[in-house]
Amino acid sequence: MRTIEISTDVFAKIWAQRIEGEESENQILQRLLGVQEAHAGNLESKRQKIPSPEPRILWRDDVRQALKALGGVAPLRDIYAEVRKQRLLAGRSLPLNTDAIIRRELEYNSSDATAFTGSRDWFQAVEGIGGGKWALREEVGE
């Protein structure tokens, strides 16, 4: 797999085209560019030949884990720092737009936000959207 560098504006445009179920830029672009499933399968089989030390961790998982490590509630600046720390320790990427990705995941996974995807309601905007403080939402059964 190749790595490409894109501007924050291009990254935002790609994610603006996301539909439910797409979890990566590659999936969004595959759909938009009409890349056939057979090629996607070949790409996937190539990936599977490389041993992975851990299951695929998504950004939303990192944000959730960071909030847990911070006691369940924290200002954005602390969440940014904790996610960075966790990703560096795990050897995962830290793109230039890391803060924007973290905010995106908070909003995609919070019913408080207009960007809420409707599937995971993990986060709560403690002081409202734009207040800069987030918490883990209590889950039923926990």
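Start counting the sequence shown at 1; every next residue gets the next number (the numbering used here). We put the CB at the ideal spot given by N, CA and C, even for glycine.
For Q65, the nearest candidate out of Q86, G131, A125, T117 (CA to CA): Q86
Cβ contact check for the segment 127-137 and the segment 58-73: 3 or more pairs under 8 Å: yes
Which of helix, strand or coil DSSP assigns to F123: strand
Inter-residue Cα distance where the pair is K13 and L32: 12 Å
C-alpha gap between Q30 and Q36, whole angstroms: 8 Å
T8 vs L96 beta-carbon contact at 9 Å: yes
Which of helix, strand or coil DSSP assigns to L136: strand
Endpoints, the beta strand (DSSP E) within which A74 is located: 73-75
Classification of E82 by the beta-carbon crowding that lies within 10 angstroms, buried from 16 upward: buried
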